[in-house]
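Single-structure report; data block below.
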Amino acid sequence: GSRTSRLVKDGTGRVVASASFSRTISFIYPSIEAFIIHIYPFVKDKIAKFPHILKKQGKQART
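Taking this note's numbering, the leading residue of the sequence shown gets 13, the next gets one more, and so forth.
Right, here's the structure in full:
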């Protein structure tokens, strides 16, 4: 699947990409986490309003 395409073996049969990939993840993940923590209140607010928006659109569709 997608995992085997990412993990490329070199001449000795060692899996090369996994080490650099996990290093990349450990580098990128904290910034992703910080971004999620920063944006979560806004997303939560949108999700809270979402059913109300759907109901409103449903009423407009019926008339």
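For every residue, glycine included, the Cβ atom is placed at its ideal position computed from N, Cα and C.
Measure the C-alpha to C-alpha separation of P53 and I65 and round it to an integer number of angstroms.
-> The sequence position of residue 53 within the sequence shown is 41, counting from 1. The sequence position of residue 65 within the sequence shown is 53, counting from 1. Spanning the two alpha carbons is a distance of roughly 18 Å.
Quick one: what does DSSP say P63 is sitting in, helix, strand or coil?
-> The count along the sequence shown starts at 1 and reaches residue 63 at position 51. Helix at P63.
Go through its chain and collect everything with a Cβ distance to A31's Cβ below 8 Å, but skip five positions before and after it.
-> Here residue 31 corresponds to residue number 19 of the sequence shown, with the count starting at 1. Nothing meets the Cβ criterion.
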